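Chemist: When you line the sequence shown up against our numbering, it's residues 2 to 78, in that order.
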Amino acid sequence: MNTRNLFAYALSAVVVGVTVIAVMAIWGLISWDFIHHYLWKTIQSLIVVIISTVVIYIVQAMLVKNDPPKPGGTNSI
């Protein structure tokens, strides 16, 4: 499966989930306090995950350096 397709499916699932929650809140099936509480916790969790992912990416980029292939190696023609 292509990464773009996976990302598109994930975003579509998020949109459907938010839509279902919004419709349920409009009809009064769930309270806004419930949504506000868990939505805020979800946003905070996503921020922590994104920041930690960026830090790991930066550390990997600094520590793992790709050396160019040496002449006469298996990569030369």
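Glycine included, each C-beta is placed from N, C-alpha and C at the ideal position. Bear in mind the structure is a predicted one, so any value in this text is a computation, not a measurement.
Just to confirm the assignment, what range does the alpha helix (DSSP H) spanning Asn6 have?
Modeler: By 1-based counting over the sequence shown, the position of residue 6 is 5. Thr4 to Ile27 is the extent of the alpha helix (DSSP H) around Asn6.
Chemist: Taking only the alpha-carbon atoms, compute the straight-line gap between Thr43 and Val56 and give it to the nearest angstrom.
Modeler: Sequence index remark: in the sequence shown, residue 43 carries index 42 (1-based). Sequence index remark: in the sequence shown, residue 56 carries index 55 (1-based). Looking at the two C-alpha atoms, the distance is approximately 20 Å.
Chemist: Could you work out which residue in Ser53, Val19, Val65 and Ile52 is closest to His37 when comparing CA atoms only?
Modeler: Taking the sequence shown and counting its residues from 1, the one referred to as residue 37 is at position 36. It is Val19 whose Cα lies nearest to the Cα of His37.
Chemist: Please report how far the alpha carbon of Leu64 lies from the alpha carbon of Val50, in whole angstroms.
Modeler: Start at 1 with the first residue of the sequence shown, and residue 64 comes out as number 63. Start at 1 with the first residue of the sequence shown, and residue 50 comes out as number 49. Rounded to whole angstroms, Leu64 to Val50 spans 21 Å at the Cα level.
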